[in-house]
Amino acid sequence: MKAYLSRRYRFSASHRLNSDSYSAEQNLAVFGKCNNPHGHGHNYIVEVTFGGQVDPVTGMVCDLGALDTFAHQHLTSIFDLVNLNTLDHFKTMVPSTENLAIVVHRIFSDFTGATLTNVHVEETGNNSFDYPGEIGPTTASTAAA
Numbered sequence: 159m160k161a162y163l164s165r166r167y168r169f170s171a172s173h174r175l176n177s178d179s180y181s182a183e184q185n186l187a188v189f190g191k192c193n194n195p196h197g198h199g200h201n202y203i204v205e206v207t208f209g210g211q212v213d214p215v216t217g218m219v220c221d222l223g224a225l226d227t228f229a230h231q232h233l234t235s236i237f238d239l240v241n242l243n244t245l246d247h248f249k250t251m252v253p254s255t256e257n258l259a260i261v262v263h264r265i266f267s268d269f270t271g272a273t274l275t276n277v278h279v280e281e282t283g284n285n286s287f288d289y290p291g292e293i294g295p296t297t298a299s300t301a302a303a
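When you line the sequence shown up against the working numbering, it's residues 159 to 303, in that order.
Here it is as structure tokens:
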């Protein structure tokens, strides 16, 4: 019997939306106040959803303790209270929340306790982003990027 588990994690981080492909004027036109040279911050909420068979002994999709340990080691301890622009994850991409959702998906794809089915990131009360991962032959090239 397959079931789904969603778990939420929180961290605070800053970022500046800025593309090296644009001039200063283009960056300001595209990103507006989010292009502030000093950056700005958010209290992010990340929700990861995993699917899997319900273990007949534990009655669970996966070990929550193992998931929480993984999240702490690979997400919150790295992303909390930092400027996302400074992380290796964003060396070649704008640290938009859309890209943050993709990065979080890549991170949690390595958790072996269940199959990752979706990442949901709330940036503000008005903005949230979902990334279920790539489907089909692009998965390998996306994961390698």
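Beta carbons: idealized from backbone N, C-alpha and C, even for Gly. Owing to the predicted nature of the structure, the values given are computational and were not obtained by experimental measurement.
CA nearest to the CA of residue i, picked from the options
{"i": "Val262", "options": "Thr273, Tyr289 and Glu281", "result": "Tyr289"}
{"i": "Ile203", "options": "Glu292, Tyr162 and Phe287", "result": "Phe287"}
{"i": "Leu163", "options": "Ser181, Leu222 and Pro195", "result": "Leu222"}
{"i": "Gly217", "options": "Glu281, Ala161, Gly291 and Val277", "result": "Ala161"}
{"i": "Gly210", "options": "Glu292, Gly199 and Ala272", "result": "Ala272"}
{"i": "Val240", "options": "Thr282, Ser177 and Gly199", "result": "Gly199"}
{"i": "Asp226", "options": "Glu292, Arg165 and Gly291", "result": "Arg165"}
{"i": "Ser112", "options": "Phe228, Thr250, Asp246 and Val279", "result": "Residue 112 cannot be examined here, being either before or after the span of the chain that is shown, 159 to 303."}
{"i": "Cys220", "options": "Gln231, Val206 and His232", "result": "Val206"}
Whole-number beta carbon distance between residue j and residue i, since they are thought to touch under 8 Å
{"i": "Phe169", "j": "Asp238", "result": "4 Å"}
{"i": "Val215", "j": "Met159", "result": "Wrong, their Cβ atoms sit about 13 Å apart, outside the cutoff."}
{"i": "Arg174", "j": "Gly197", "result": "4 Å"}
{"i": "His232", "j": "Ile265", "result": "5 Å"}
In DSSP terms, what residue i is bridged to
{"i": "Ser267", "result": "Paired residues: none, contrary to the question."}
{"i": "Ser170", "result": "Asn201"}
{"i": "Asp164", "result": "The question names Asp, but residue 164 in the sequence shown is Ser. Per DSSP, Thr207."}
{"i": "Asp288", "result": "His278"}
{"i": "Thr273", "result": "Gly209"}
{"i": "Val240", "result": "Ala171"}
Beta-carbon proximity check, residue i vs residue j, cutoff 8 Å
{"i": "Phe208", "j": "Leu258", "result": "no"}
{"i": "Asn185", "j": "Asn193", "result": "yes"}
{"i": "Ser181", "j": "Leu242", "result": "no"}
{"i": "Tyr167", "j": "Thr234", "result": "yes"}
{"i": "Asn285", "j": "Thr255", "result": "yes"}
{"i": "Ser177", "j": "Val277", "result": "no"}
Endpoints, alpha helix (DSSP H) assigned at residue i
{"i": "Phe189", "result": "Ala182 to Phe189"}
{"i": "Gly223", "result": "Leu222 to Ala229"}
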